[in-house]
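Chains as they are written, first to last, in our numbering: chain A, 1 to 213; chain B, 214 to 414.
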Amino acid sequence: MAKPTKSDTLTSELENRLDELFQEDGPLAETASPRAGQQKPLAELKKTVLSIDWEITPEAVESFLAQIRLLKEAYQSDKAAMVLLQILGSLGQYIRTSRSKAHSSTFSLLNSVFARLEEITTHPGMPEVTKRKLLQAQMNAYQQLREKVSQRRAAGQVRPSAAQPAASAPLPLQPAATVVTAPMLAKAIAELKEFIRSEIENLQRQMKNDPSQ
Amino acid sequence: MAFVNLKNKLIQVKIVYYGPGRGGKTTNLEYINRRFAQRIQSEMVTVKTHGDRTLFFDFLPFDIGLVNGFQIKIQLYTVPGQVKYDATRRLVLRGVDGIVFVADGMTLRRENNIESLRNLQENLASYKKNLRTLPWVLQYNKMDLKQQGIAMMPIETLEQDLNQEFRRPYYPASALEGTNVAATLKKIISLTVESIRKEFL
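Below, the structure is given as structure tokens:
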């Protein structure tokens, strides 16, 4: 008998898997999956992230920022989620002021931070060390974006704003018409940096004190 | 184009449901989302609707799990069927790996089906793709309406109009009742993954 080829194996395994997933004999699920209830808080945010990814409209950005505000209330006891929401909020503010001039990496980072938020909130049992790695990766990516934006600004590709030093502004592109002033932005950045730093320190402390690690 | 990461053994597949407006594309995804929610552990996202019409797109991602050592992720999209949203349709087709063409079986929609298929070919051409090489299947939808006395096209007519040149798999279906929705989905996933295997593995 001929030995099954790589193609045969993949095809037959795939078909078996599809039959398992999509067999019609089970009861009709009128309600969403058990996880749906837990994920629901993020469903609206996901829509707005996809909307922004598709087209940056004032409505999409405002809706995104409104969702961030709501979620910060919902997840105030989840420190890791709060850090990611802070980053998303900062990215949202940056997109609101910069619109299509926002650095192209902003949107991939937006998607990436959202994906990590979804991962963390839908896996409540995730080990702290894993959470910390996820957070660190996102914060590094955020820092890299800040640097790229600063470099672009320094290179004079985009009109600089007010007197905000480029090096200290994480996402500093500010159209002239914006109502967000440079000092306001600097203050927000400083608060965000302090918040992230304290959260990381806190997580590190928790890791040291956790006997299961 | 599919996202294939050989190092991590990950394959991500993009499948687009295409067809005339009000043909049942969104209903297909809604049925999949509702019927198999407990197994696919996902949620459908509809980006921008106006009333019951899709303006941007519907999006339903889910994981198939490990198949022959590969983690396979599927992303289902619909496009807005209305003629004026051609730019949106073209954008959703970017990077498409497989297509389900959802035709409306009602007699009065005959021209809409033909026009939509022609539009699909034009939009694929802008990405240097075509229906001769791309994996795709047809679904002849709304077959349940025949019982209500609504004039429906015979399958032979639909085949002649849309599939004579291509001879692709086709499924008479009722997305509303779920008839052949899963069969259509399984077929397009199989064809698309097989096509990706030939190209990348």
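Backbone N, C-alpha and C define an ideal beta-carbon position, used for all residues, glycine too.
Residue i, enclosing alpha helix (DSSP H) - first and last residue
i	result
A:Pro-58	58-74
B:Ile-409	394-413
A:Gly-92	79-98
B:Asn-343	Neither: B:Asn-343 is in no alpha helix (DSSP H) and is coded neither H nor E.
B:Phe-379	Taken as a continuous stretch (DSSP letters only), B:Phe-379 belongs to no alpha helix (DSSP H), as it is neither H nor E.
B:Lys-359	Where B:Lys-359 is concerned, there is no enclosing alpha helix (DSSP H), given that its DSSP letter is neither H nor E.
A:Met-139	128-154
B:Arg-247	238-248
B:Arg-235	Segment: none, B:Arg-235 is in no alpha helix (DSSP H) and carries neither H nor E.
A:Ala-102	Counting along the chain, A:Ala-102 falls outside any alpha helix (DSSP H), and DSSP gives it neither H nor E.
Heavy atom of the ligand HEM within 7 Å of residue i beta-carbon
i	result
B:Ile-409	Absent from the structure shown: the ligand HEM. Ligands present: none.
Counterpart residues of residue i in DSSP-defined beta bridges
i	result
B:Gly-282	In DSSP, B:Gly-282 forms no bridge with anything.
B:Gln-352	B:Val-315, B:Tyr-384
B:Asn-218	B:Leu-223
B:Met-366	Answer is none; B:Met-366 lacks a bridge partner.
B:Pro-274	B:Gln-288
B:Val-260	B:Phe-270
For residue j and residue i, believed in contact at Cβ under 8 Å, the rounded distance
i	j	result
B:Ile-188	B:Met-319	This structure does not reach residue 188 of chain B, given that chain B is present from 214 up to 414, and the question cannot be answered.
B:Asp-200	B:Lys-227	Residue 200 of chain B is absent from the model: chain B starts at 214 and stops at 414.
B:Ile-312	B:Ile-402	Not really, about 12 Å apart at Cβ, beyond 8 Å.
B:Arg-302	B:Asn-336	6 Å
A:Leu-134	A:Glu-119	7 Å
B:Tyr-244	B:Phe-270	So it is not a contact: roughly 17 Å between Cβ atoms.
B:Ala-388	B:Thr-240	4 Å
A:Phe-107	A:Leu-45	15 Å between Cβ atoms; not a contact.
B:Leu-358	B:Asn-326	Not quite, the Cβ-Cβ distance comes to about 15 Å (not below 8 Å), so this is no contact.
B:Gly-278	A:Arg-17	6 Å
B:Gly-234	B:Phe-314	Their Cβ separation, rounded to whole angstroms, is 14 Å, which puts B:Gly-234 and B:Phe-314 out of contact at 8 Å.
B:Val-258	B:Phe-272	5 Å
A:Leu-110	A:Val-149	14 Å between Cβ atoms; not a contact.
A:Thr-9	B:Asn-221	Going by Cβ atoms, the distance from A:Thr-9 to B:Asn-221 rounds to 20 Å, so no, they are not a contact pair.
B:Glu-372	B:Tyr-384	Between B:Tyr-384 and B:Glu-372 the Cβ distance is about 12 Å, and since that is not below 8 Å, they are no contact.
A:Leu-85	A:Tyr-94	Incorrect: roughly 15 Å between the Cβ atoms, too far for contact.
B:Arg-381	B:Val-406	Not really, about 16 Å apart at Cβ, beyond 8 Å.
Start and end residues, beta strand (DSSP E) containing residue i
i	result
B:Leu-223	223-231
### Query
Can you list the beta strand (DSSP E) stretches of 3 or more residues lying completely in the region 284-336 of chain B, in chain order?
311-317
#### Entry: Positions along the region 277-291 of chain B whose CB lies within less than 7 Å of some CB in chain A
Ile-277, Gly-278, Val-280, Asn-281
### Task
Determine which residues of the region 46-65 of chain A have a Cβ less than 7 Å from any Cβ of chain B, and write them out in chain order.
Lys-46, Lys-47, Leu-50, Ser-51, Trp-54
### Task
Select from the region 241-254 of chain B all residues with a C-beta closer than 7 Å to any C-beta belonging to chain A, and list them in chain order.
Arg-247, Arg-248, Phe-249, Ala-250, Gln-251, Arg-252, Ile-253, Gln-254
### Task
Taking only beta carbons into account, state which residues of the region 374-405 of chain B come closer than 8 Å to chain A, listed in chain order.
Gly-391, Ala-395, Leu-398, Lys-399, Ile-402, Ser-403
### Query
Along the region 65-87 of chain A, what residues have a CB closer than 9 Å to any CB found in chain B?
none
### Task
Compile a chain-ordered list of the residues in the region 119-132 of chain A whose CB is closer than 9 Å to at least one CB of chain B.
none
### Query
At a Cβ cut of 7 Å, what residues of the region 11-25 of chain A count as close to chain B, listed as they run along the chain?
Thr-11, Glu-13, Leu-14, Glu-15, Arg-17, Leu-18, Leu-21, Phe-22, Glu-24
### Message
What are the residues in the region 90-119 of chain A lying within 8 Å of chain B by C-beta distance?
### Response
none
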